[in-house]
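Notes follow the structure.
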Amino acid sequence: MKKQWWHELIGYQIYPRSFQDTDGDGNGDLRGILRHLDDIQELGVNALWICPVTKSPMLDSGYDTADYDQIDPMFGTMEDMKALLAGAKSRGIHVIMDLVVNHSSSEHPWFLEALKNPEGEYGKYYIIRRGHDGQPPNGWRSFFGGSAWEPVGDSGYYYLHLFTKYQPDLNWENPRLRQEIYGMINRWMDMGVEGFRIDSINHLKKDFSRSGEDGFTNVEGIGELLRELRDNTYGPRGGFTIGEVNGIRPEQMEEYIGEGGYFSTMFDFTCMRYRLQSPCWQGRQEEMVDACRKELFDSQRRAAGRALLCNVMENHDTPRLGGRFCPPEEISPRSKAALGTMNFFLAGIPFIYQGQAIGMEDYPKEDISQFRDFATFNLYREYQQDGATAAEALARLNADSREHARTPMQWDGGVNGGFTDGEPWFDVNPNCVRINLEAQRTDPASLFSYYRKMVALRKREDLRELFIYGETVPVFEECGGVIAYERRWEGTRVLVACNISGRPVSLPQPVSGLEVLLDNIQETPEKTAPQDGNLELQPYEALVCRITA
Ligand code: BGC
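Letter by letter, the sequence shown follows residues 2 to 550 of my numbering.
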């Protein structure tokens, strides 16, 4: 694999509305990010992905863009953005933005024009078609529930929206639209943005002859669009891009992120998909971990030597990891550390989501009105249409809502967790008195300190290349509930062994000559190396060791 500057990245994802409010309006802002750059640097990461901050009515949390070139006043000004870019740069932190170009907001001026005249120039920026006999053009369903088509008044036309009806899909078959998008991307890069996390990118192309998701997911010919996009923007500029790509065939991975691929990397969402709350896994943690391990190693095998995946355990669309992998009574700093470890040392580019490094948790709601997301309300309605009572529908949302990841960042144990002096846009989890950065920063045994050590270990001069380019060799695969692998590079071997279960396990084959680099249980430098023989792992113990013999 040819070395690239971005291979060295260890990233941190910010969901700005919930990060830090500095002007008392209850919403996080760019100045808030600027305020915490030192904390981010303290963690050791060197890349920031900032979720959308451009102008938006916020009906899908900024993933509904009303102006691609302006900062939303909720987040601040262009000057704030420039100050943030400069502040990050001076700390050696690379900033990437979210690029949301499958759709815009229904308040984008292009769309407002399109509504006035569906056959006109801006009508061609969107996917607007005639219905038949009062019915939409076809039966496609939106990801957020209901038909993917919305009537344009009583004109007989419908526009396509794969997400909410406030997010009309852009028409990528229109070269003028494409040029507008390329120009916009290049303007951000001229300003110092070094790349993008690219939203929903595998839906750009549509095939109206197909039904269901096949008609708008990874449609034949999408590669031409992705190649042209790259070649006109981040490609020649050496930008770093992470594609949000779902559902491609295994053999397509290289085309997407291999040498000369459409993106630098793409998320490996494996760990996000496994949830103990899902009906099929309830009460079956060990089987779930085993299934997750198999899938994780399959994708590691596919990428080996060809590409680097972007490894994530949390993001703004998924409940917090403790509850996804552990029964409630086993959610603890230790189990969260073990879960973080099992993913962090895989081959690839790790990204840590805000709050993950301090172990933030889901905050179940007592009433539907405490949620904020349009998509949540759609689901709530759908669950009830399918026969659930209101209480059952709420329970399902509490079990699985993406909004759990969006509660405000818990900086300290004070009012609103230090997030805002005003009224927070979304309730702060009251457990901020216990779980917060201030309490953990100076505690060497805290989860935050552990994350700092993980980041430092990945960056250690003598191991840096091993963690980036080394082979990943699964080990102890027969051992239920354990995720373990070796990383090997030029004669150096490192073992990562994580017990994702509430019982002690003894690894089935003897090991010898282990030098402990990291252990989530006994976090002291005097930690003695395990004795030769069968390695015993305590419940939720994670060990990273150099194999010296
Ligand atoms: C983003 C979501 C968003 C959706 C539509 C996703 O991939 O991560 O938060 O709702 O795209 O833009």
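Here a beta-carbon is modelled for each residue, glycine too, at the ideal position from N, C-alpha and C.
For residue i, the first and last residue of its enclosing beta strand (DSSP E)
| i | result |
| --- | --- |
| Val506 | Val506 to Val512 |
| Ala498 | Thr493 to Asn500 |
| Phe268 | Thr266 to Asp269 |
| Ala48 | Ala48 to Ile51 |
| Asp232 | Unbroken run through Asp232 is the alpha helix (DSSP H), Ile223 to Asn233; no beta strand (DSSP E). |
| Val483 | Val483 to Trp490 |
| Gly71 | In the sequence as displayed, the identity of residue 71 is Gln instead of Gly. Per DSSP, Gln71 belongs to the beta strand (DSSP E) from Asp68 to Ile72. |
| Leu161 | Tyr158 to Leu161 |
| Val96 | His95 to Leu100 |
| Val474 | Glu472 to Val476 |
Identity of the residues DSSP links to residue i by a beta bridge
| i | result |
| --- | --- |
| Gln168 | DSSP lists no partner for Gln168. |
| Trp173 | DSSP lists no partner for Trp173. |
| Val545 | Val497 and Leu519 |
| Arg142 | Ser148 |
| Asn312 | Asp269 and Pro351 |
| Gly12 | Ala48 and Phe352 |
| Tyr127 | Leu171 |
| Asp363 | Partner(s): none; Asp363 has no beta bridge. |
| Phe241 | Gly196 |
| His133 | Gln136 |
| His104 | Asp170 |
| Thr55 | Ile72 |
Where the alpha helix (DSSP H) containing residue i begins and where it ends
| i | result |
| --- | --- |
| Pro110 | Pro110 to Lys117 |
| Thr408 | Taken as a continuous stretch (DSSP letters only), Thr408 belongs to no alpha helix (DSSP H), as it is neither H nor E. |
| Asp291 | Gln286 to Ala304 |
| Ile34 | Leu31 to Arg36 |
| Pro552 | Beyond the ends of the chain as shown, which are 2 and 550, falls residue 552; an answer cannot be given. |
| Asp215 | It is not in any alpha helix (DSSP H) - Asp215 carries neither H nor E in the DSSP assignment. |
| Gly534 | Element bounds for Gly534: not the alpha helix (DSSP H) but the beta strand (DSSP E), Gly534 to Leu538. |
| Thr342 | Pro334 to Phe345 |
| Phe197 | Segment Gly196 to Ile199 is the beta strand (DSSP E) holding Phe197; no alpha helix (DSSP H) there. |
| Gln386 | Phe375 to Gln386 |
| Ala389 | Note, Ala389: premise wrong, no alpha helix (DSSP H); not H, not E. |
| Val429 | Segment: none, Val429 is in no alpha helix (DSSP H) and carries neither H nor E. |
| Val246 | Per DSSP, Val246 belongs to no alpha helix (DSSP H) and is neither H nor E. |
| Asn436 | A quick correction: the sequence has Ile, not Asn, at residue 436. That residue, Ile436, is in no alpha helix (DSSP H); it is neither H nor E in DSSP. |
| Leu86 | Met79 to Ser91 |
| Leu458 | Leu448 to Lys460 |
| Phe420 | Premise fails: Phe420 is in no alpha helix (DSSP H) and is neither H nor E. |
Residue i to residue j span [Cα, whole Å]
| i | j | result |
| --- | --- | --- |
| Pro58 | Trp426 | 14 Å |
| Leu85 | Ile34 | 7 Å |
| Glu472 | Trp490 | 7 Å |
| Glu424 | Gly25 | 8 Å |
| Arg403 | Ser62 | 12 Å |
| Asp70 | Pro409 | 26 Å |
| Asn175 | Ala543 | 51 Å |
| Gln5 | Pro365 | 42 Å |
| Phe352 | Glu181 | 30 Å |
| Gly184 | Thr234 | 8 Å |
| Ala338 | Leu518 | 15 Å |
| Ser447 | Ser370 | 34 Å |
| Arg494 | Arg465 | 12 Å |
| Arg547 | Leu515 | 6 Å |
| Thr242 | Pro17 | 19 Å |
| Asp208 | Arg231 | 22 Å |
| Asp363 | Arg325 | 10 Å |
| Glu527 | Asp520 | In this prediction, Glu527 scores a pLDDT of 40, lower than 50, which makes its location untrustworthy; no coordinate-derived value is stated. |
| Gln301 | Val246 | 16 Å |
| Val313 | Phe270 | 7 Å |
| Thr525 | Gln14 | Any reading at Thr525 needs caution, since the residue's pLDDT is 47, under 50, leaving its predicted position unreliable; the model's value is listed next. Taking the straight line joining both Cα atoms gives about 29 Å. |
| Ala149 | Cys433 | 39 Å |
| Ile72 | Leu161 | 26 Å |
| Arg198 | Asn535 | 43 Å |
| Tyr470 | Gly240 | 20 Å |
| Thr66 | Leu277 | 34 Å |
| Leu44 | Val474 | 28 Å |
| Leu116 | Tyr167 | 13 Å |
Assumed close pair residue i, residue j - CB separation to whole angstroms, cut-off 8 Å
| i | j | result |
| --- | --- | --- |
| Glu537 | Ser507 | 5 Å |
| Gly341 | Tyr452 | 7 Å |
| Gly360 | Ile258 | Gly360 to Ile258, Cβ: 30 Å. No contact. |
| Asn172 | Ile202 | Not confirmed; about 15 Å, so no contact. |
| Ile97 | Glu195 | 6 Å |
| Leu438 | Asp40 | 7 Å |
| Asp200 | Asp99 | 6 Å |
Residue i beta carbon near the ligand ZN (any heavy atom closer than 8 Å)
| i | result |
| --- | --- |
| Gln355 | Because the ligand ZN does not appear in the structure shown, any question about it cannot be addressed here, the ligands present being the ligand BGC. |
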